[in-house]
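The listed protein sequences derive, respectively, from chains A and B.
As numbered in the numbering used here, residues 1 to 90 make up the first sequence, in order.
As numbered in the numbering used here, residues 91 to 482 make up the second sequence, in order.
As structure tokens, the structure follows; a few thoughts come after it.
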Amino acid sequence: MPNIRSMVVDEKGVVIVASDGRVFEITPTQVKNNYAAQIGTEAERKAKTIQWLKEEIEAALGIEQVSAAQIIIPDIEVTTGTVPEVEVRD
Amino acid sequence: MDVLKFSGWESGDAVEAFAAGGTWSVQGVVKRTGDYALRTNPTGAGTGYHGYKKMGADGKPTPFNVDPIYYTIYYSYATKPASNYEIIAYAVDINDAAMFYLCLGSGGNLVALNGAGALLDVGGITLNSGTLYKIDIKLWYAAGIYEVKINNVVDMDGSSVYLGINIPGAIYLGKRFNLFSNTVDFFYDDFCPASGDYIGACEVIRMGADGNGTYTDWTGDWQDIDEIPHDTDTTHIDDGGFFTVETANLEDAAGAGLVGTPLAVAPCAVARKTSFNDSAVQLRLRSGATDSDTANATLGIVYTFLSRVYTVDPDDSGAWTEARLNALEVGVKQVGFGVESRCTSMYVMVLETGEVPAGEIKEISGVAWDDAAEVSGVAKADISEVSGVTAN
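And the structure:
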């Protein structure tokens with residue numbers, strides 16, 4: 001089901017190109033800044049940033065191609081803002 | 091032997107997969123056949139993979155649920171692990187639990203790990219960069235048997251090994267997990283899981299829409315569903331109400347690239363609902379005067395890939411032929427109330443024997459392929475395929 005042509009997930013950030021050519025891009029700095037703006041415990045702040053990331057992907061690619069509920073991001077590295085893993089699944 | 095699923099990534103994207111993660115692309119630069127192939131090229135500790143199951147009665151992915159299972163995949167690499175090994179294929183059971191890891195080692199050899207990730211064997215055949223290989227994997231959970239072949243030659247096998255706790259359900263192609271933080275660059279094309287036996291030499295072609303079909307009840311026409319990869323809501327067809335049907339004619343098989351014998355056919359559609367009401371469609375294959383529909387496939391707001399494998403022509407239960415392919419139509423049937431289903435792409439994939447690539451030829455006229463410098467005056471390095479030559 002993933003309506004996606006390509007994905008890059010590395011230390012420079014995340015780039016996803018949807019089937020229709022729309023592109024989502026984010027850098028570790030943007031992830032780190034979002035985490036810094038969150039309040040709560042580290043786990044709560046991580047969870048909020050991960051949810052924000054999922055919603056950003058959905059908004060950029062369109063919910064008709066990818067919904068936030070289909071995106072799996074197990075963790076983020078808060079000191080660098082690196083996103084180690086992104087998966088899109090039925 | 092029964093074809094469970096096949097893909098040549100000819101949709102131009104990942105819709106045929108049930109999962110995709112890490113760094114990968116469906117690209118057309120490095121490929122074996124058709125227009126596209128899968129590339130997974132994660133760096134360092136990154137991952138990159140697609141996951142595949144068979145298509146169920148409703149046209150959606152469902153676990154293979156067969157034992158034993160026989161996977162065939164054409165594989166090459168540009169960058170192998172610098173140390174130890176990394177996963178190139180990861181087989182799981184019906185509950186997504188580990189069964190078997192096939193890895194590429196730093197020496198270019200394959201490495202097999204059991205369902206617990208323990209080393210089973212190191213293959214004796216060296217795979218070279220930029221060279222295409224047909225890799226066959228047999229997994230028999232109940233007997234604890236595995237087998238790995240490279241270009242039809244057994245490279246590793248064993249029995250009474252630990253293959254997890256249940257029968258085969260899915261396979262991931264690519265670096266599903268990081269093992270030794272190696273950068274890799276892998277390519278995959280023409281993939282077919284089967285039951286009973288390996289499919290043998292094969293390739294996948296896509297027959298695209300080129301005209302309106304027998305049924306034209308939906309709003310829009312074939313030009314709204316012919317983009318590869320699909321263009322989501324840019325162009326599409328919308329249903330015309332309860333039980334309405336839209337079908338499209340297809341380009342001829344020869345024009346689509348058919349060069350061998352057809353082995354299986356899979357109608358494909360990418361559809362979604364456009365309202366908050368429940369919505370469902372059936373995927374239709376029309377062969378001759380016979381309409382074959384899947385069970386109801388419920389749709390969500392996100393576009394869903396629907397497909398179904400037909401190993402014989404449903405019109406007469408005979409084997410597929412080029413003439414039968416040329417009489418096909420693909421379509422969708424609305425089975426929910428209201429006008430709420432939308433389709434953005436329809437086509438038919440065909441699994442066929444193809445021509446025999448040079449890499450699969452053992453000998454020509456009694457001369458071993460590896461010992462030959464040229465064939466009929468043509469340098470071996472310049473030969474990409476030899477028409478009409480049977481492998482082995």
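All C-beta atoms in this analysis are idealised placements derived from N, C-alpha and C, irrespective of residue type, glycine included.
On the CB-based measure, 16 or more other CB atoms within 10 Å of its CB, does residue i come out buried or exposed?
i      : result
B/V119 : exposed
B/L209 : exposed
B/E317 : buried
A/E44  : exposed
B/V243 : exposed
A/Q51  : exposed
A/I16  : buried
A/T41  : exposed
B/P357 : buried
B/F108 : buried
B/V335 : buried
B/E453 : Residue confidence for B/E453 is low, a pLDDT of 47 falling below 50, so the modelled location carries little weight; the figure read from the coordinates is stated next. By the 10 Å Cβ count, B/E453 comes out exposed.
B/M91  : exposed
A/S19  : buried
B/I255 : exposed
A/V23  : exposed
B/V402 : exposed
A/I71  : buried
A/E55  : exposed
B/T123 : buried
B/S431 : buried
B/N241 : buried
B/G220 : exposed
What does residue i touch in chain B if you count any residue whose Cβ is under 8 Å from its own?
i     : result
A/P2  : D103, A104, V105, A107, A109 and A110
A/V86 : G111 and G112
A/D75 : Simply none; closest approach about 12 Å.
A/Q65 : T322, V392 and Y393
List, in order along the chain, the chain B residues whose C-beta lies closer than 7 Å to that of residue i?
i     : result
A/G62 : T322
A/R89 : F108 and A109
A/V9  : G112, T113 and G136
For the beta strand (DSSP E) holding residue i, just list the boundary residues, first then last.
i      : result
B/A344 : Note, B/A344: premise wrong, no beta strand (DSSP E); alpha helix (DSSP H) at A343 to A346.
B/T169 : I159 to T169
B/K143 : Per DSSP, B/K143 belongs to no beta strand (DSSP E) and is neither H nor E.
B/T216 : L209 to T216
B/D280 : D275 to S285
B/N199 : N199 to L203
A/E84  : Note that residue 84 of chain A corresponds to Pro in the displayed sequence, not to Glu. Run containing A/P84: none; DSSP gives neither H nor E here.
B/K265 : P258 to K265
B/I177 : Y175 to D183
B/R129 : A127 to T130
B/C193 : A188 to G195
What is the residue span of the alpha helix (DSSP H) that residue i lies within?
i      : result
B/R414 : E412 to L415
A/Y35  : P28 to A37
A/T49  : E42 to L61
Starting from the beta carbon of residue i, find every residue of chain A whose beta carbon is closer than 7 Å, and list them in chain order.
i      : result
B/S115 : R5 and S6
B/T133 : D10
B/P319 : R5 and S19
Looking at the C-beta of residue i, does it have a partner C-beta in chain E at a distance below 8 Å?
i      : result
B/V392 : Among the protein chains in the structure shown, which are A and B, there is no chain E.
For a contact meaning CB atoms closer than 9 Å, what does residue i contact in chain A?
i      : result
B/P404 : Those within 9 Å of B/P404 in chain A number zero; the least Cβ separation is about 25 Å.
B/P151 : M1 and D90
B/P362 : Sequence check: residue 362 of chain B is Arg here, not Pro. Per Cβ cutoff of 9 Å: E64.
Sort out for me which residues DSSP pairs residue i with in a bridge.
i      : result
B/L340 : B/A299
B/F96  : Partner(s): none; B/F96 has no beta bridge.
B/D230 : For the sequence presented, residue 230 of chain B should be read as Trp rather than Asp. BP columns for B/W230 point to B/I235.
B/V422 : B/E336 and B/L373
A/M7   : A/I16 and B/W114
B/P357 : B/V438
B/G310 : In the DSSP output, where bridge partners are listed per residue, B/G310 has none listed.
B/S431 : B/K363
B/M246 : B/V238
Starting from the beta carbon of residue i, find every residue of chain B whose beta carbon is closer than 9 Å, and list them in chain order.
i     : result
A/Q70 : V392
- Examine the Cβ distances between the stretch 79 to 86 of chain A and the stretch 60 to 68 of chain A and report whether three or more of them are shorter than 8 Å. no
- Task: Specify whether the stretch 355 to 373 of chain B and the stretch 433 to 447 of chain B touch according to this definition: at least 3 beta carbon pairs, one from each stretch, less than 8 Å apart.
- Result: yes
- Taking contact to mean at least 3 C-beta pairs separated by less than 8 Å, is the stretch 199 to 219 of chain B in contact with the stretch 228 to 247 of chain B? yes
- Query: Taking one C-beta from the stretch 250 to 260 of chain B and one from the stretch 176 to 189 of chain B each time, how about it: are there three or more such pairs within less than 8 Å?
  - Reply: yes
- Could you tell me whether the stretch 419 to 431 of chain B touches the stretch 301 to 318 of chain B, using the rule of 3 or more Cβ pairs below 8 Å? yes
- Message: Assess contact between the stretch 116 to 133 of chain B and the stretch 2 to 16 of chain A, defined as three or more Cβ pairs (one per stretch) separated by less than 8 Å. Is contact present?
- Response: yes
- Quick one: any contact between the stretch 270 to 287 of chain B and the stretch 383 to 399 of chain B, if contact means 3 or more CB pairs under 8 Å? no
- Pair every Cβ in the stretch 30 to 40 of chain A with every Cβ in the stretch 139 to 150 of chain B, then say whether three or more of these pairs are closer than 8 Å. Contact between the stretch 30 to 40 of chain A and the stretch 139 to 150 of chain B is absent, because fewer than three Cβ pairs lie under 8 Å.
- Message: With three or more C-beta pairs closer than 8 Å as the rule, is the stretch 280 to 298 of chain B touching the stretch 327 to 347 of chain B?
- Response: Contact between the stretch 327 to 347 of chain B and the stretch 280 to 298 of chain B is present, because at least three Cβ pairs lie under 8 Å.
- Item | Sufficient close CB pairs (3 or more, under 8 Å) joining the stretch 156 to 176 of chain B to the stretch 308 to 322 of chain B | no
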